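In our numbering, the protein residues as written are 46 to 252.
All residues carry an ideal CB built from backbone N, CA and C; glycine is no exception.
Here the structure is a predicted model, which is why all the values come from computation and not from measurement.
Put into structure tokens, the structure is as follows:
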């Protein structure tokens, strides 16, 4: 479900998300956010009574953006193999907004909120299933794979691997890791027809 917000709530959440990604939750305070917004703490507390509730709502706001991204990609891109690439590219953009050390702070300081992030990730299983199954129906993905089971394995691999400590321990960047992971999955699941569509997409979207 995609949440709706008043203009003022949305402004607070947008600035709050920027503040957390830039400085981390340890440095984040309602007072500093109020200064950033040019509004009183009282106004922020009217919508979000505590710092923890504010952080939780910021996370919900962020996951809502990701949910909208999935829908937009599936509506605007007709080729499911390219849909997969688009989604993973957007994931990189979201994840690379903040340093993994700051994500580790969130996981350590607010474990219950982190669990909600993991639940959101796991709930994307059906979104990926729709993409993979559509690709299979179009002859763009292998027909000898049970896409329901593959989607379960795929999303759990993402959730278990893409943890802050994994990146910090192995000195890996989100961008290089997700790109490599996406390439491995693509070569394993898509047919030559699907890979050709992906190749064409990359050629047309060179930076």
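Pull up the CB-CB distance for residue i and residue j, whole angstroms please, since I reckon it's below 8 Å.
i, j, result
"residue 200", "residue 130", "With 8 Å as the limit, residue 200 and residue 130 do not qualify as a contact, their Cβ atoms being about 17 Å apart."
"residue 26", "residue 177", "Nothing can be reported for residue 26, as the shown portion of the chain is limited to 46 through 252."
"residue 126", "residue 225", "The Cβ separation is near 18 Å, so there is no contact."
Among the options, whose alpha-carbon lies nearest the alpha-carbon of residue i?
i, options, result
"residue 56", "69, 68, 93, 71", "93"
"residue 223", "216, 186, 207, 234", "207"
"residue 236", "190, 140, 220, 134", "190"
"residue 210", "167, 232, 150", "150"
"residue 221", "96, 188, 171, 134", "134"
"residue 233", "158, 96, 188, 205", "188"
"residue 136", "69, 169, 71, 147", "169"
"residue 111", "138, 144, 69, 229", "138"
"residue 156", "51, 70, 246", "70"
"residue 96", "128, 76, 83", "76"
"residue 218", "142, 107, 80, 113", "142"
"residue 204", "241, 160, 174", "160"
"residue 54", "153, 82, 65, 172", "82"
If you draw a straight line from the C-alpha of residue i to the C-alpha of residue j, how long is it?
i, j, result
"residue 78", "residue 248", "42 Å"
"residue 192", "residue 118", "20 Å"
"residue 245", "residue 122", "14 Å"
"residue 84", "residue 197", "45 Å"
"residue 167", "residue 107", "16 Å"
"residue 49", "residue 73", "24 Å"
Is there a Cβ of chain E sitting closer than 8 Å to that of residue i, yes or no?
i, result
"residue 234", "In the structure shown, chain E does not exist; there is a single protein chain."
**Message:** Would the segment 99-108 count as touching the segment 55-71 if we require 3 or more Cβ pairs under 8 Å?
**Reply:** Enough Cβ pairs lie closer than 8 Å, so yes.
**Message:** With three or more beta-carbon pairs closer than 8 Å as the criterion, would you say the segment 180-189 touches the segment 212-221?
**Reply:** no
**Message:** Threshold first: 3 residues or longer. Then list the beta strand (DSSP E) segments lying entirely within the segment 101-144, N to C.
**Reply:** Unbroken beta strand (DSSP E) runs of no fewer than 3 residues, entirely contained in the segment 101-144, are not found.
**Request:** At 4 residues or longer, and completely inside the segment 184-231: list those alpha helix (DSSP H) runs for me, N to C.
**Result:** 192-206, 209-215
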